[in-house]
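As given, the protein sequences belong to chains A and B, one line each in that order.
Everything in the first sequence is counted per the numbering used here, starting at 1 for the first residue and increasing by one.
Everything in the second sequence is counted per the numbering used here, starting at 104 for the first residue and increasing by one.
Notes follow once the structure below has been shown.
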Amino acid sequence: MGLTGFLTVSAVLFTLGMVIFISRKNAIAILMGVELLLNAAALNFVAFARFTPSQASQLDGQIFAVFIILMAAAEAVVALAIALSVYKELNQVGADKLVSLKG
Amino acid sequence: MSYIQSAIPFVPILPLLGALILGLLGKKIYTKFGENVTGILGCTMPFASAVIAVTSFITLNGLDVSERVIRISMTHWVSVADLQLQWTFRYDPLSAVMLLVVTIIGTLIHIYGMGYMHDDRSFSRFFAYMNLFLASMLMLVLGDNIVIMFLGWEGVGLCSYLLIGFWFTEEQNAIAGKKAFIVNRIGDLGFLTGILLVAFFSMKLFGSTDLSFTQLQSRIDVFAQQTFFGFPLLEVIAICFFIGAMGKSAQIPLYVWLPDAMAGPTPVSALIHAATMVTAGVYMMGRVFFLYTLAPHALGFISLIAALTCFFSATIGMAQFDIKKVLAYSTVSQLGYMFLAMSVGAFSAGIFHLLTHAAFKAALFMASGSVIVALHHKQDMREMGGLLKKMPVTGYSFIAATLAIMGFPLTSGFFSKDEILWKAFIQGSPLLWLVGFVAAGITSFYMWRLVFMTFFGETRANKHTWDHCKEQPKRTVVPIAILAVAALTIGFWNVPHFLGGHSNFSSFLDPVVHDLSSSPMENFNKIQLAQKTEHVSNTENAMKPESGHQVATEHGVESGHAVQEDHTALEWGLMIASVAWTFFTGFLAYIFYMRYPKAREQIMSGAVAQKIFMVLNNKYFVDEFYEAVVITPIRKTFDFLAAFDQKVVDGLVNFAAYMGRIGSAFIGIFDNEIVDGLVNGTGWGTQAGGKGASSLQSGKIQTIIASSLIIFIIIVASVVLFLR
Chain A
1 MGLTGFLTVS AVLFTLGMVI FISRKNAIAI LMGVELLLNA AALNFVAFAR
51 FTPSQASQLD GQIFAVFIIL MAAAEAVVAL AIALSVYKEL NQVGADKLVS
101 LKG
Chain B
104 MSYIQSAIPF VPILPLLGAL ILGLLGKKIY TKFGENVTGI LGCTMPFASA
154 VIAVTSFITL NGLDVSERVI RISMTHWVSV ADLQLQWTFR YDPLSAVMLL
204 VVTIIGTLIH IYGMGYMHDD RSFSRFFAYM NLFLASMLML VLGDNIVIMF
254 LGWEGVGLCS YLLIGFWFTE EQNAIAGKKA FIVNRIGDLG FLTGILLVAF
304 FSMKLFGSTD LSFTQLQSRI DVFAQQTFFG FPLLEVIAIC FFIGAMGKSA
354 QIPLYVWLPD AMAGPTPVSA LIHAATMVTA GVYMMGRVFF LYTLAPHALG
404 FISLIAALTC FFSATIGMAQ FDIKKVLAYS TVSQLGYMFL AMSVGAFSAG
454 IFHLLTHAAF KAALFMASGS VIVALHHKQD MREMGGLLKK MPVTGYSFIA
504 ATLAIMGFPL TSGFFSKDEI LWKAFIQGSP LLWLVGFVAA GITSFYMWRL
554 VFMTFFGETR ANKHTWDHCK EQPKRTVVPI AILAVAALTI GFWNVPHFLG
604 GHSNFSSFLD PVVHDLSSSP MENFNKIQLA QKTEHVSNTE NAMKPESGHQ
654 VATEHGVESG HAVQEDHTAL EWGLMIASVA WTFFTGFLAY IFYMRYPKAR
704 EQIMSGAVAQ KIFMVLNNKY FVDEFYEAVV ITPIRKTFDF LAAFDQKVVD
754 GLVNFAAYMG RIGSAFIGIF DNEIVDGLVN GTGWGTQAGG KGASSLQSGK
804 IQTIIASSLI IFIIIVASVV LFLR
């Protein structure tokens, strides 16, 4: 199983995440999509790290992946907090209803 | 500064002042103080002028003959390069006589006018115009240069126009005024041409000029040698001046305005159209007599015109029924006499006839005016008759003036007219005398016809008019009576030598106006011969005996007396003939209109007589002739021009406008659709773009993400595809 398989899985994940991100209206679901996107990116990092020919940076990808997980956790905290406060304010978290930034 | 020098300028200024006061404030004065105050105000200024004129005249008589030309220079007027015109008045025997005529008769007629214009709505306007007329006339008389004279000349023309059309609410009067004005313009054009010729040649020959009569006289010899388009210059100028006189003094063919001018109030007819203004032409010829002396051919032409005028207008006068029209044609005829005298070189005789005519014709007009007022503005003699009983002062004054005009022995007309006829015979030709002689008889006939029809016999007025007819108030009849007395007596000023007199008037005028002692042509030849012999004698330094004799005759020293004595018998003969002839025609009038009217009716019933009467009554159809030959073609031309203007010129203009409109419409469409379209399109495009762009900013997070994704893909794709 080579790099292409990983990249294919990663691309599928990314596409699914993107589709969710775009198609879903619920803010929580969107956050889920974002998780998928992050994970696709992390998978890419790990795959590239595994298959890199360089000896000096064998762990770079893995470290990035750990950071991505960390960042995802932080993002989830912040985003869920925002979602909660939005819900408190508006009684719903439909992304298509939150249009106060409309130009 | 002598009395004359300080006083004379006021003679024209005072009436001008009167005209200003009455013209500007007359209406107020009239409504506030009434008719009498206005009238007296109107008479004051002429009266003051008359006083100055009389006293100046007496002073002038006291002066030595050589000092009798006084030039009063007041101020500069026009000063353009070498043309130096000055406000200068000239007081000499000639203008003194005219001044007397104008101011005294003027004053009397102003007083008379107070009575005549009684209860007229425009009372103050009348006196304003009359004062203005006097001012203009006096300026004409006193002007020392031709331009001031012309100024007065035009001024009197204007006043004549204003006064003929005084009652302008009736169209006929307004038309008469216009006619007078336009006919006078034709004459004035001639006069002006003459003035410009004088000015032009003065500049050309001498380099500078002030156009004064004195200067012109001193330069006349040089002028005499000039030609203008092949004609002698002086003849041309003389004819030009005479054309001016023709218009103003109503000579054939420009006399037609004068009879129509009777539409004005009668005092106007008396003052302007009989006594003063119409004689301006004669006065002007007297003023420039030195010019006419050297223009014998022009004088020949004038004598022809004068004789024709004299005769034809007299014949018209026989067949008129309007009392003022008869007097108007009589005036034209008498003016013909004056020009006849001028044209044979008897200048003083012409001026003297002017003087006597002014007296008797003013009296006649004023008396006729008095009759007209008494009969409630009836002017037709067929509705008069027997008025002598009702209006004795008017009637007897009229008869006295009639005696004067017919030339009854020892009245003024007798002396002046006989002098003219005699000079016409001896210095013109027997033919000229014959025409004048016949006209004198006709004059006597129509004047007595007028008298008999108006003052004698049974009245033909209706009963109401007749009962109300009475003598006019004093202010009307006293001036008439004064002038009638003057008409009878004034002739003694110029009793000729053969009747034991001294021709005082002629010798009084002599310092400024020399009569010719022989016919104009002979005189002219003599002058030329004298100049030639002078030239010869200067070069050869020897005088031939016969040339000396010629020079002497020119001055009329010795042979003049001899000639006169030779002709005494002839002079008596002619005088007796003309007196007898006028008595005869006067008697004829008595028979036809008093004694045996049946005889007249019998004669008049004949077909030939009817035809002659018809022609005379219609004034030889001259007005109709002018209408057909001059006025209608001019009108037609104008109609044609108007039509041309309307159709062609207006058409062109309209076409141009139409084309402009079409072009503009096209440009308008272009502007509206294309230019505006571009502008709007830009706006619209921007708006649409903005709208499109703003739809990106939907605020929906998915949209933002989707679009950023698409843009990201596009960027990446383009980088991958194009930048590699």
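Don't be surprised by glycine CBs; every beta carbon is placed ideally from N, CA and C.
Given the structure is predicted, the values throughout are model-derived calculations rather than measurements.
For ASP96(A), the nearest CB of chain B lies under 9 Å from its own CB, placing it at the interface with that chain.
If you keep only unbroken alpha helix (DSSP H) runs of at least 4 residues inside the region 347-397 of chain B, you get 360-363, 369-373, 383-390, 392-396.
For GLN108(B), the enclosing alpha helix (DSSP H) covers residues 106-110. Beta-bridge partners assigned by DSSP to ILE175(B): PHE192(B). Taken in chain order, the complete alpha helix (DSSP H) segments of 4 or more residues contained in the region 238-307 of chain B are 249-267. When C-beta atoms of the region 53-60 of chain A are compared with those of the region 112-121 of chain B, fewer than three pairs fall below 8 Å, so the two segments do not count as touching. At the C-beta level, GLY689(B) and SER547(B) come within 9 Å of one another.
Here the alpha carbon of ASN757(B) sits roughly 10 Å from the alpha carbon of GLN749(B). Contact between PRO614(B) and VAL114(B) does not hold, since the beta-carbon distance rounds to 20 Å and is not under 8 Å. With its beta carbon at least 9 Å from every one in chain A, ALA820(B) lies outside the interface. In this structure, the beta-carbon distance from ALA587(B) to PHE501(B) falls below 9 Å. Excluding sequence positions up to five before and after MET217(B), its CB lies within less than 6 Å of the CB of GLY142, ARG578, all in the same chain and listed in chain order. What ILE804(B) touches in chain A, judged by beta-carbon distance under 8 Å, is ILE30, ALA95, LEU98, going in chain order. By the rule that beta-carbons nearer than 9 Å mark a contact, ILE82(A) does not touch chain B.
In the three-state DSSP reduction, ASP483(B) falls in the strand class (E or B). Contact between PHE344(B) and VAL385(B) is absent: CB atoms are separated by about 12 Å, not below the 8 Å threshold. Among the residues facing chain A, ILE777(B) is not included, as its CB has no counterpart in that chain under 9 Å away. Residue contact check for ILE22(A) against chain B: a CB pair falls below 9 Å. Within the region 419-485 of chain B, the runs of alpha helix (DSSP H) that reach at least 4 residues and sit entirely inside it are, in chain order, 426-446, 450-477. For TYR723(B), no alpha helix (DSSP H) segment is defined, and its DSSP state is neither H nor E. At least 9 Å separates the CB of ILE772(B) from every CB of chain A.
The beta carbons of GLY297(B) and ILE340(B) sit closer together than 9 Å. Under a criterion of Cβ atoms nearer than 8 Å, the residues of chain A adjacent to ALA809(B) are, in order, ILE22. Close CB contacts of LEU241(B) within its chain, under the 8 Å cut and outside five residues either way in sequence, are with VAL114, PRO115, PRO118, SER152, LEU202, VAL205, THR206, GLY255 (chain order). The continuous stretches of alpha helix (DSSP H) do not include LYS803(B), and DSSP gives it neither H nor E. Counting other Cβ atoms within 10 Å of its Cβ, ASP324(B) stays below 16 and is therefore classed as exposed. Setting aside the 5 residues that flank it on each side, LEU308(B) is surrounded in the same chain by VAL325, each with a C-beta closer than 6 Å to its C-beta; the list follows chain order.
Using a CB distance cut-off of 9 Å, MET18(A) counts as an interface residue toward chain B.
By DSSP's assignment, THR312(B) forms a beta bridge with LEU186(B). Taking a C-beta distance under 9 Å as the contact criterion, HIS460(B) and THR382(B) qualify as a contact pair.
Distances from the alpha-carbon of THR434(B) to those of SER239(B), PHE414(B), LEU407(B) put PHE414(B) closest. Taking the C-beta atoms as reference points, GLY280(B) is found nearer than 9 Å to TYR264(B). For HIS567(B), the enclosing alpha helix (DSSP H) begins and ends at 566-571. For chain A, none of the residues of the region 779-791 of chain B brings a beta carbon within less than 9 Å of one of its beta carbons. Sequence-distant Cβ neighbours of ASN720(B) in its own chain, meaning closer than 6 Å and more than five residues away, are ALA422. Contiguous alpha helix (DSSP H) elements confined to the region 668-721 of chain B occur at 671-693, 700-707, 710-720, taking only those with 4 or more residues.
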